[in-house]
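**Student:** Chains as they are written, first to last, in our numbering: chain A, 538 to 736; chain B, 538 to 736. One structure, as structure tokens, below. Some questions next.
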Ligand SMILES: [Ca+2]
């Protein structure tokens, strides 16, 4: 039984939404397509949710696009506490990061009325586990969006982190291809050509 | 009949998504909740879509939340060409703004494969018309989010634009109350108290 009255529930939700605002101050490695500044995780979350809406025809038949969009809206909230960890960055302690993200999920989704907090936590867990078709498609979009941004700004983080084609194909190409093979087929030759010119 | 091959369609969608990135550079009147800078329309679009997901229980029974989320993801794209027009700003030529926004919708959604472009244009038209329950709820969220941000930063644009309680209740309170009466009931006394202290 949910202990909240309707007014309490709404106040809890508004506090959660005010806390979520902080995701707009978490900076990612990626640049905006005009190169003017680094992207933040709030606007990134919007962009990948828009990717899901626009690229729905390229998802497999078992993907529920509205579920993908919901996942992508919440997928990075844990960065409010745990920060963004660039996929090509160094000193990447994956186990410590996972612990920090789980603690963040407990704190943040715990701000909501219990039944709703549990449902959103389950959605985030599903995204993280990347086992369902919807989660795999969501992961593909989350991975392909910075690749596209890097192509548009002609390198960006790839140069800064000394990324090679082989590293990119393994760390990023595989999850993209798993959830959205058509997207990887589209982006791979473009990325390959960039590394052939600059690598 | 859609003249695009699947590869052409995907290229068209990727071009649209790259163009959409520009929404992250359109600045709004609202501040982030830490007061550090103005909010951009990309991160605002994420935040209001998250409002829809989290506040779904406060929508009327005829509201389709996934449709609301889709609307909110695309509702501000026209600002890429037409700019943001603060609701409390001066010299507000509503007819010219509407023309500019319609031209922007034609250009932007026209970048997509025709059937998809028409579907997203219809979704944007539905939001603008604010006649369906889903569009009215979406409009309420779009209007209430900056009010909440202004409360958090203790005024912000209200002071800058010299807003009064009466103006706010009319321009902003009415559309919020129409689509989401419970939200207006929650926020109105808090806003009223702010204007009593500062107005
Ligand atoms: Ca992400």
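C-beta atoms are modelled at their ideal positions from N, C-alpha and C, and glycine is treated no differently. Quick caveat, the model's predicted, so the values are computed rather than measured.
#1: Taking C-alpha atoms, which residue in 691(A), 666(A), 698(A) lies nearest to residue 712(A)?
#2: Using a Cβ cut-off of 8 Å, which residues of the region 570–591 of chain B contact any Cβ in chain A, in chain order?
#3: Is the beta carbon of residue 610(B) sitting closer than 7 Å to the one on residue 590(A)?
#4: Give a yes or no on contact between the region 669–685 of chain B and the region 591–598 of chain B, applying the rule of three or more CB pairs nearer than 8 Å.
#5: Using C-beta distances below 6 Å, list every residue in its chain close to residue 561(A), excluding the 5 sequence neighbours before and after it, in chain order.
#6: Measure the beta-carbon distance from residue 661(B) to residue 612(B) and round it to whole angstroms, keeping in mind my assumption that it falls under 8 Å.
#7: In or out: residue 708(B) buried (at least 16 other Cβ within 10 Å) or exposed?
#8: Can you give me, in chain order, the residues of the region 558–569 of chain A that have a beta carbon less than 9 Å from any beta carbon in chain B?
#9: Report yes if the C-beta distance between residue 672(A) and residue 663(A) is below 7 Å; otherwise report no.
#10: Compare the beta carbon distance of residue 631(B) and residue 606(B) with 7 Å and say whether it is the shorter of the two.
#11: Please return the same chain residues whose Cβ sits closer than 7 Å to the Cβ of residue 604(B), not counting the five positions on each side in sequence.
#12: Taking 7 Å as the threshold (C-beta atoms), are residue 710(B) and residue 723(B) in contact?
#13: Over what stretch of residues does the beta strand (DSSP E) that includes residue 575(A) continue unbroken?
#14: Using C-beta distances below 8 Å, list every residue in its chain close to residue 729(A), excluding the 5 sequence neighbours before and after it, in chain order.
#15: Residues of chain A with CB under 8 Å from residue 553(B), in chain order?
#16: Check distances from the C-beta atoms of the region 593–607 of chain A to those of chain B and list, in chain order, the residues that come in under 8 Å.
#17: Whole angstroms is fine: what's the gap from residue 568(A)'s alpha carbon to residue 616(B)'s?
#18: Whole angstroms is fine: what's the gap from residue 734(A)'s alpha carbon to residue 557(B)'s?
#19: Whose C-beta lies closer than 8 Å to the C-beta of residue 692(B) among residues of the same chain, with five residues either side of it excluded?
#20: Note the first and the last residue of the continuous beta strand (DSSP E) segment covering residue 565(A).
#21: Can you tell me which of 570(B), 552(B), 559(B) puts its alpha carbon nearest to the alpha carbon of residue 690(B)?
#22: 7 Å is my cut-off, CB to CB: does residue 547(B) come that close to chain A?
#23: Could you tell me the distance, in whole angstroms, from the CA atom of residue 547(B) to the CA atom of residue 640(B)?
#24: Can you find a CB in chain B that lies within less than 7 Å of the CB of residue 718(A)?
#25: What are the start and end residues of the alpha helix (DSSP H) that includes residue 544(B)?
#26: Does the Cβ-Cβ distance between residue 649(A) and residue 550(B) come in under 7 Å?
#27: For a test of your reading of the model: does the CB of residue 548(B) fall under 6 Å from any non-hydrogen atom of ligand 3? Yes or no.
#28: So, residue 638(A) versus residue 619(A), is the Cβ gap smaller than 7 Å?
#29: With 16 as the cutoff for other CB atoms within 10 Å, does residue 727(A) come out buried or exposed?
#30: Could you tell me the alpha carbon to alpha carbon distance between residue 602(B) and residue 699(A), rounded to whole angstroms?
#31: So, is the C-beta of residue 723(B) closer than 7 Å to a C-beta in chain A?
#32: So the candidates are 544(B), 552(B), 614(B); which of them puts its Cα closest to the Cα of residue 563(B)?
#33: Please list the partners that residue 765(A) has in chain B, where partner means a Cβ-to-Cβ separation under 7 Å.
#34: Would you kindly work out how many angstroms separate the C-alpha atoms of residue 559(B) and residue 624(B), rounded to a whole number?
#35: Excluding five sequence neighbours on each side, which residues of the same chain lie with their C-beta closer than 7 Å to the C-beta of residue 643(A)?
**Tutor:** Looking at the atomic coordinates:
#1: Comparing C-alpha distances from residue 712(A) to each of 691(A), 666(A), 698(A) shows the shortest one belongs to 666(A).
#2: Result list: 570, 571, 573, 576, 577, 579, 580, 582, 583, 584, 586, 587, 588, 590, 591.
#3: Going by C-beta atoms, residue 610(B) is nearer than 7 Å to residue 590(A).
#4: Short answer: they touch.
#5: Excluding positions up to five away in sequence, the list reads 577, 579.
#6: Between residue 661(B) and residue 612(B) the beta-carbon gap is near 7 Å, inside 8 Å, which marks them as a contact.
#7: It is exposed - the Cβ of residue 708(B) has fewer than 16 other Cβ atoms within 10 Å.
#8: Taking 9 Å as the Cβ-Cβ cut-off against chain B, the residues of the region 558–569 of chain A that qualify are 558, 559, 560, 561, 562, 569.
#9: Yes, the Cβ-Cβ distance between residue 672(A) and residue 663(A) is below 7 Å.
#10: The answer is no: Cβ separation not under 7 Å.
#11: Within the same chain, Cβ atoms closer than 7 Å to the Cβ of residue 604(B) are found at 671, the five residues on either side in sequence being excluded.
#12: For residue 723(B) and residue 710(B), no; Cβs fall outside 7 Å.
#13: 575–577 is the extent of the beta strand (DSSP E) around residue 575(A).
#14: The answer, listed in chain order, is 702.
#15: Correct list: 591.
#16: Answer set for the region 593–607 of chain A: 594, 595, 603, 606, 607.
#17: Taken atom to atom, the span from the alpha-carbon of residue 568(A) to that of residue 616(B) is near 20 Å.
#18: Rounded to the nearest angstrom, the two C-alpha atoms are 27 Å apart.
#19: 731, 735.
#20: Per DSSP, residue 565(A) belongs to the beta strand (DSSP E) from 564–568.
#21: Distance check between residue 690(B) and each of 570(B), 552(B), 559(B) places 570(B) closest, using alpha-carbon atoms only.
#22: Closer than 7 Å to some Cβ of chain A, the Cβ of residue 547(B) qualifies, so yes.
#23: The alpha-carbon of residue 547(B) is positioned some 24 Å away from that of residue 640(B).
#24: With 7 Å as the cut-off, residue 718(A) does not count as an interface residue toward chain B.
#25: Unbroken alpha helix (DSSP H) run through residue 544(B): 543–557.
#26: In this structure, residue 649(A) lies away from residue 550(B), with their beta-carbon atoms at least 7 Å apart.
#27: Of the ligands this structure carries, namely ligand 1, none is ligand 3.
#28: With respect to residue 619(A), residue 638(A) sits close: the two C-beta atoms are nearer than 7 Å.
#29: So residue 727(A) ends up on the exposed side.
#30: So the alpha carbons of these two residues sit roughly 43 Å apart.
#31: Residue contact check for residue 723(B) against chain A: a CB pair falls below 7 Å.
#32: Cα-wise, what sits closest to residue 563(B) is 614(B).
#33: Past the boundaries of the shown model lies residue 765(A); chain A is included only from 538 to 736, so the question cannot be answered.
#34: Between residue 559(B) and residue 624(B), the alpha-carbon positions lie close to 21 Å from each other.
#35: For residue 643(A), same chain residues with a beta-carbon under 7 Å away, outside a window of 5 residues either side, do not exist.
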